[in-house]
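For reference, the structure is listed below as structure tokens.
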Amino acid sequence: PQLVGRAGAGPQAPMANLVNANSLVRKVAEKVTGISAEFPLPRMASQPFEAWMDEHQPSENAGSAGTVVLFATCYGDYNYPGVPRAAVQVLEHNGFTVVRPPQTCCGMPNLDGGDVEGARAKIRANVESILPYVEEGALVVTPGPTCGYTMKKEWPALLRTKEASLVADATRDLMEFLDKLRRDKKLSKEFARGLGKVAYHAPCHLRAQKIGTPGSRLLGMLPDTTVQVIQECSAVDGTWGMKAQHYAMGRRYAGKLVRAVDESEAATVVSDCSLAGLRIAHENQVEVQ
-10 PQLVGRAGAG PQAPMANLVN ANSLVRKVAE KVTGISAEFP LPRMASQPFE AWMDEHQPSE
50 NAGSAGTVVL FATCYGDYNY PGVPRAAVQV LEHNGFTVVR PPQTCCGMPN LDGGDVEGAR
110 AKIRANVESI LPYVEEGALV VTPGPTCGYT MKKEWPALLR TKEASLVADA TRDLMEFLDK
170 LRRDKKLSKE FARGLGKVAY HAPCHLRAQK IGTPGSRLLG MLPDTTVQVI QECSAVDGTW
230 GMKAQHYAMG RRYAGKLVRA VDESEAATVV SDCSLAGLRI AHENQVEVQ
């Protein structure tokens, strides 16, 4: 994901998106990359998140509650920068200074393909960059359940160093972090409107962290909002379900999820996972937040 994002995000985004939308090009690319021509690719962002962050002026509230490190994820950096942008704005509104040290892919795509040494190289680079902030007492938040799971579980297991364990222990899912503020009665509750009925998809890599579904609890705080939690697997699993050799099997496994979303008849569909969101949007023909 990161290599694709680096090549297509920024000024090249309109052309990259046009090429990716071409069915003939996708079929040719499937032969080269192994990514199914049927799986919907995320759009490239015209302004990567890192570029936005470099220009961003922190709010007046930022810093009164401390500092957090944001691990933006590859999809946040290059495809869905609105997600980490919103994270920065919410965190600053709640008093935190947000920093984004240099970072690369969490390593999960490498692990999906059996490239353990490639994953270790990325993990080492990330730990080296993030560690100084953790040693000063900062927590690390990430809006991607797959990255969060990899950082908490795989980073210390693969490196077996004190430094990797320190970063892993300091890592929180973004919704987990905000839900802790809610429990401590420190979360701002300035909500402009409700969302009606929400179908909230709880990704597998979120549930594997054994933190429940903090996003659904936060959504439940909105006025005039009811939340239905859907825990069926999207069968994407990092990049596994994107590959042509697994695409048909993945669609079958995701059938329960697709039916659950249809049966919810929700006004709004939400998922913490960008790839699961692509599956739902494609199969259910709905917009996924």
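When we follow the working numbering, the leftmost residue of the sequence shown carries the number -10, and every step to the right adds one.
Quick reminder that beta carbons are idealized off the backbone N, C-alpha and C, glycines included.
These numbers come from a predicted model, not from an experiment.
- By the Cβ rule, the segment 19 to 39 counts as touching the segment 69 to 80, because three or more pairs are nearer than 8 Å.
- Taking all protein chains shown into account, residue 151 has fewer than 16 neighbouring C-beta atoms within 10 Å of its C-beta and is therefore exposed.
- In the DSSP assignment, residue 154 falls outside any beta strand (DSSP E) and lies within the alpha helix (DSSP H) extending over 151 to 159.
- When secondary structure is reduced to three states using DSSP, residue 22 falls in the helix class.
- For residue 224, the CB contacts under 6 Å within the same chain, skipping 5 residues up- and downstream, are 230, 239, 242 and 243 in chain order.
- Here residue 69 carries a coil assignment [DSSP, helix/strand/coil].
- Counted as a single uninterrupted DSSP element, the beta strand (DSSP E) harbouring residue 130 occupies residues 128 to 131.
- Secondary structure in the segment 223 to 267: the alpha helix (DSSP H) runs of 4 residues or longer, each lying completely within the stretch, are 233 to 242 and 244 to 253 in chain order.
- DSSP, read as helix, strand or coil, puts residue 217 in strand.
- Per DSSP, the unbroken beta strand (DSSP E) holding residue 85 starts and ends at 85 to 88.
- Leaving aside the five residues that flank residue 222 on each side, the residues in its chain whose CB is nearer than 8 Å to its CB run, in chain order, 193, 242, 243, 245 and 246.
- The beta carbon of residue 80 is closer than 7 Å to those of 57 and 87 in its chain, skipping five residues each way along the sequence.
- Considering only 89, 164 and 175, the residue with the shortest C-alpha distance to residue 53 is 175.
- Per DSSP, residue 40 lies in no beta strand (DSSP E) segment; the continuous alpha helix (DSSP H) that holds it begins and ends at 38 to 44.
- Pairing residue 164 with residue 261 gives a Cβ-Cβ distance under 8 Å.
- If the five residues before and after residue 42 are omitted, its C-beta is found closer than 6 Å to the C-beta atoms of 89, all from its own chain and listed in chain order.
- By the neighbour-count definition (other C-beta atoms within 10 Å, threshold 16), residue 3 is an exposed residue.
- Residue 123 and residue 50 have their C-alpha atoms roughly 22 Å apart.
- Between the segment 124 to 137 and the segment 194 to 206, the count of Cβ pairs shorter than 8 Å is three or higher; the stretches touch.
- Sequence-distant Cβ neighbours of residue 93 in its own chain, meaning closer than 8 Å and more than five residues away, are -9, 111, 114 and 115.
- Scanning its chain for C-beta atoms nearer than 6 Å, with the 5 sequence neighbours on each side dropped, one finds around residue 99 the residues 107 and 108, in chain order.
- According to the DSSP assignment, residue 51 belongs to no alpha helix (DSSP H), since it is labelled neither H nor E.
- Residue 178 counts as exposed, since fewer than 16 other C-beta atoms from the protein chains shown sit within 10 angstroms of its C-beta.
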